[in-house]
Amino acid sequence: INTSWSFVGSDRVFPAARGIAAWLPGDESVLIYDKYDIWKLDPSGKKSPCNLTNEYGLQHHIVFKLGLYYEDGILSKDDKLILSAFNVDTKDNGFFCVNINKSEDPHLLSMGAYVYHLDRNSISTFGAIPVKAKNAEMYIVQRMSATESPNYFSTRDFKTFNVLTDLHPEKAYSWYTSELHNWKSLDGRNLQGILYKPENFDATKQYPVIFYFYEKLSDGLNAFLEPAYSDGRIDIATYVSNGYLVLMPDIHYTPGDPMQGTYDAVISAANYVSKLPYVNSKKLGIQGHSFGGIQTNYLVANTSLFAAACTASGLSDMISAYGTVSNSGASLQGSFEGGGQYRMNGAPWDLTEAYVKNSPIFRANNITTPLLIMHNPKDGAVPFSQAIEFFTQLRRLGKKAWMLVYPNADHTVDGNQSKDFTIRMMQFFDFYLKDKPAPIWMLDGISASRRGIDTGLELDSTGRTPGPGLLTPEEKRKTDSLMTRPIRITLK
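Residue numbering for the sequence shown follows this note's numbering, starting at 564 and increasing by one per position.
Here it is as structure tokens:
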């Protein structure tokens, strides 16, 4: 069979297959997913392969998946299969049906700007699998949209849906809208991203914009995002309801040079939105967590386009990270060499220049963007030492940087620590992107001995602003002098 078995948009070194959909009774046949469609194969090899969806998915950029749950992964002998369908171009979600014994175009039941059940990959997973009544052709489905919280409906045909629940807590708040935007990356590739706007959006105003990125997130265009304290990522509903626009650009990566794709995507996205009349092009910020953290670090080390940046739990030095272990004792080498997320496709001794190029720490001297770092000692995914390396270099260079550390937290924060981080990150962006007063912690810091006693969250009322960096010009001159002074050691 000449087809691709991986997920749409996958750019890993060793892309994962979508896998087996289900078996027919007695192992008569097995259904397998390719990139878009569903194949029916004979395990014995006696019958020719049959594309059940007749390449309709490939031709229309619709990803098909079994729409119902089958116990033990075994289908009944019914002729009709309900399929979940997702259009990767428009992000519409819905249902088709297909005859399990024929290769023909599937029949459209319903499609729209909703999420019923979206399970494209580990990042784009929303909604719920429809549930069938035991003794009737009746189904319960969950449906949501960006502006409608999840509710339940009953249906007999997946065309007409009857309301079972009608809960809309979002109506009590200033909510958001989502738009799908398309533009060209710096290398000419077609890119997509979600632009979130306030419900009371005013096109005559100019808004600050924060870019949040992590792999490819545009599939969630119609997902309902529940507000929550930040676990390391910005909370989109919170920021948009507080007067920000948020853009989430998809990023395409090249194995061996993954951060270049980040630069091409985010810079092109910034160039694109800066031309929109309702965007304040001087008030652009970026935020990333985990893999998005190293992307944020890379961007501030390679451009001065952004007015503020927040990085959380991210790498800064691929070479030192390659040779260390996480707090949980796991080696990171496979994440670099093999099919892991860092996509380096080789070891540092074979790809030294590439490792240096993709490590922000080697360009720390170029950073001019004010940077807020959050990283925790018990991080089991990204070594805490990565933040220490980066922050101490920024301090040595006298850059504008702050570091938040939650001693008992892991890769993310929760509870009161999450609340604290949410407030501080918002204060940081409010100062640089909305010209609000600076909080005391940004002006004076909080010593370790005063941890848990002083919060520094109160806003300054005297008009003070953060200094030029972690070192004054005079302190930096003294430090430079000390670092370059010859040292003579006499051995006896």
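Idealized CB from N, CA, C, for every residue including glycine.
ask   = So what's residue 984 in DSSP terms, helix, strand or just coil?
value = Here residue 984 is taken as the residue at index 421 of the sequence shown, counted from 1. The answer is helix: DSSP assigns residue 984 an H, G or I state.
query = Using DSSP with H/G/I as helix, E/B as strand and the rest coil, what is residue 907?
reply = Here residue 907 refers to the residue found at position 344 of the sequence shown. Residue state, collapsed to three classes: coil.
task = Could you tell me if residue 632 is buried or exposed, where buried requires 16 or more neighbouring beta carbons within 10 angstroms of its beta carbon?
result = Numbered from 1 along the sequence shown, position 69 holds the residue referred to as residue 632. Within 10 angstroms of the beta-carbon of residue 632 lie fewer than 16 other beta-carbons, which makes it exposed.
request  = Would you list the one or two residues that DSSP bridges to residue 1042?
outcome  = For the purposes of this step, residue 1042 is taken as residue 479 along the sequence shown, with counting starting at 1. According to DSSP, residue pairing for residue 1042 in a beta bridge does not occur.
request  = Can you tell me which of the three DSSP states residue 826 falls into?
outcome  = Here residue 826 is taken as the residue at index 263 of the sequence shown, counted from 1. In the three-state scheme derived from DSSP, where H, G and I count as helix and E and B as strand, residue 826 is classed as helix.
message = List, from N- to C-terminal side, the beta strand (DSSP E) runs of 3 residues or more that fit wholly inside the segment 751-782.
response = Unbroken beta strand (DSSP E) stretches of 3 residues or longer found wholly inside the segment 751-782: 753-761 and 770-775, given in chain order.
ask   = Helix, strand or coil for residue 974 per DSSP?
value = Residue numbering aside, residue 974 sits at position 411 when the sequence shown is read from its first letter. In the structure shown, residue 974 sits in coil (DSSP, three-state: anything other than H, G, I, E or B).
key: With 16 other Cβ atoms within 10 Å as the buried cut-off, status of residue 705   = By one-based count along the sequence shown, residue 705 stands at place 142. By the neighbour-count rule (16 or more Cβ atoms within 10 Å), residue 705 is buried.
task = Taking all protein chains shown into account, decide if residue 761 is buried (16 or more other Cβ within 10 angstroms of its Cβ) or exposed.
result = For the purposes of this step, residue 761 is taken as the residue at position 198 of the sequence shown. Buried, because 16 or more other Cβ atoms sit within 10 Å of the Cβ of residue 761.
ask   = Does the Cβ-Cβ distance between residue 621 and residue 600 come in under 8 Å?
value = For this step, residue 621 is matched to residue 58 along the sequence shown. For this step, residue 600 is matched to residue 37 along the sequence shown. Contact: yes.
ask   = Is the distance from the Cβ of residue 810 to the Cβ of residue 786 below 8 Å?
value = Counting from one through the sequence shown, the residue named residue 810 turns up at place 247. Counting from one through the sequence shown, the residue named residue 786 turns up at place 223. Not a contact, by the Cβ cut-off of 8 Å.
message = Quick check: the Cα distance between residue 715 and residue 725, rounded to an integer number of angstroms?
response = Here residue 715 refers to the residue found at position 152 of the sequence shown. Here residue 725 refers to the residue found at position 162 of the sequence shown. Answer to the nearest angstrom: the Cα atoms are 9 Å apart.
message = Quick check on the burial criterion: 16 or more other C-beta atoms within 10 angstroms. Buried or exposed for residue 939?
response = As a first step, residue 939 is located in the sequence shown; it is residue number 376 there, counting from the start. It counts as buried.
query = Is the beta carbon of residue 957 less than 8 Å from the beta carbon of residue 950?
reply = Translated into positions along the sequence shown, residue 957 becomes position 394. Translated into positions along the sequence shown, residue 950 becomes position 387. Not closer than 8 Å, so no.
ask   = How far does the beta strand (DSSP E) with residue 947 in it reach, from first residue to last?
value = Taking the first residue of the sequence shown as 1, we reach residue 947 at position 384. Unbroken run through residue 947: none, as it is neither H nor E.
ask   = For residue 974 versus residue 853, is the C-beta distance shorter than 8 Å?
value = Residue mapping note: residue 974 aligns to position 411 of the sequence shown, counting from 1. Residue mapping note: residue 853 aligns to position 290 of the sequence shown, counting from 1. Yes, they are a contact pair.
task = Would you kindly report the start and end of the unbroken beta strand (DSSP E) that includes residue 604?
result = Against the sequence shown, residue 604 aligns to sequence position 41. 601-604 is the span of the beta strand (DSSP E), which, as asked, contains residue 604.
key: Whole-angstrom distance between residue 856 and residue 834, CA atom to CA atom   = The residue given as residue 834 occupies position 271 in the sequence shown. The residue given as residue 856 occupies position 293 in the sequence shown. When rounded, the distance between both Cα atoms is 21 Å.
ask   = For residue 985, which of 891, 875, 933 and 971 has the nearest alpha-carbon?
value = Against the sequence shown, residue 985 aligns to sequence position 422. Considering only alpha carbons, the answer is 875.
key: Whole-angstrom C-beta distance between residue 1002 and residue 1033, which should lie under 8 Å   = Walking along the sequence shown from the start, residue 1033 turns up at place 470. Walking along the sequence shown from the start, residue 1002 turns up at place 439. For a cut-off of 8 Å, the C-beta gap from residue 1033 to residue 1002 is around 17 Å, too long to register as a contact.
ask   = Of the choices 768, 781 and 792, whose alpha-carbon is the least far from that of residue 755?
value = Your numbering for residue 755 matches position 192 in the sequence shown. Cα-wise, what sits closest to residue 755 is 781.
inquiry  = What does DSSP give as the partner residue(s) for residue 690 in the beta ladder?
reply    = Translated into positions along the sequence shown, residue 690 becomes position 127. Paired residue(s): 680.
query = Do residue 890 and residue 953 have their C-beta atoms within less than 8 Å of each other?
reply = Start at 1 with the first residue of the sequence shown, and residue 890 comes out as number 327. Start at 1 with the first residue of the sequence shown, and residue 953 comes out as number 390. Contact: no.
key: Anticipated Cβ contact below 8 Å, residue 921 with residue 881, distance rounded   = What you label residue 921 is simply residue 358 of the sequence shown in a count that begins at 1. What you label residue 881 is simply residue 318 of the sequence shown in a count that begins at 1. About 6 Å; that satisfies the 8 Å criterion.
query = When you compare only the Cα positions, how much space is there between residue 960 and residue 1039?
reply = By one-based count along the sequence shown, residue 960 stands at place 397. By one-based count along the sequence shown, residue 1039 stands at place 476. Taking the straight line from one Cα to the other gives about 7 Å.
key: Assigned secondary structure, residue 695 (DSSP; H/G/I helix, E/B strand, else coil)   = Translated into positions along the sequence shown, residue 695 becomes position 132. When DSSP states are grouped into helix, strand and coil, residue 695 belongs to the strand group.
Start-end ranges of the alpha helix (DSSP H) lying completely within the segment 881-907, minimum 4 residues = Entirely contained in the segment 881-907, the alpha helix (DSSP H) runs reaching 4 residues are, in chain order, 881-885 and 896-900.
key: Span separating the alpha-carbon of residue 931 from that of residue 962   = Within the sequence shown, numbered from 1, the residue matching residue 931 stands at position 368. Within the sequence shown, numbered from 1, the residue matching residue 962 stands at position 399. Going by the C-alpha atoms only, they are around 7 Å apart.
Chain-order list of residues whose beta-carbon lies under 6 Å from that of residue 702 (same chain, five-residue window excluded) = For the purposes of this step, residue 702 is taken as the residue at position 139 of the sequence shown. By the criterion of a C-beta distance shorter than 6 Å, residue 702 is surrounded in its chain by 693, 695 and 718, once the five residues flanking it on both sides are discounted.
query = How is the alpha helix (DSSP H) around residue 865 delimited, first residue to last?
reply = Counting from 1 along the sequence shown, the entry for residue 865 is found at position 302. Note, residue 865: alpha helix (DSSP H), 854-865.
Pick from 711, 730 and 783 that is closest to residue 744, judged by C-alpha positions = Here residue 744 refers to the residue found at position 181 when the sequence shown is read from its first residue. Closest option to residue 744, Cα to Cα, is 783.
ask   = Expressed to the nearest angstrom, what Euclidean distance is found between the alpha-carbon atoms of residue 804 and residue 1028?
value = Numbered from its first residue, the sequence shown carries residue 804 at position 241. Numbered from its first residue, the sequence shown carries residue 1028 at position 465. As the crow flies, the alpha-carbon of residue 804 is around 26 Å from that of residue 1028.
query = What is the DSSP secondary structure of residue 936, reduced to helix, strand or coil?
reply = Against the sequence shown, residue 936 aligns to sequence position 373. DSSP places residue 936 in the strand class (E or B) of the three-state scheme.
task = Look at the Cβ atom of residue 677, then the Cβ atom of residue 628, and state whether they are nearer than 8 Å.
result = Walking along the sequence shown from the start, residue 677 turns up at place 114. Walking along the sequence shown from the start, residue 628 turns up at place 65. Cβ distance not < 8 Å, so residue 677 and residue 628 don't count as in contact.
ask   = How should residue 1031 be labelled, buried or exposed, when 16 other C-beta atoms within 10 angstroms of its C-beta is the threshold for buried?
value = The residue you call residue 1031 lines up with position 468 of the sequence shown. Per the 10 Å Cβ criterion, exposed.
message = Contact defined as beta carbons within less than 8 Å: I believe residue 827 pairs with residue 750. What is the distance between those atoms, to the nearest angstrom?
response = Working through the sequence shown from its first residue, we reach residue 827 at position 264. Working through the sequence shown from its first residue, we reach residue 750 at position 187. With 8 Å as the limit, residue 827 and residue 750 qualify as a contact, their Cβ atoms being about 5 Å apart.
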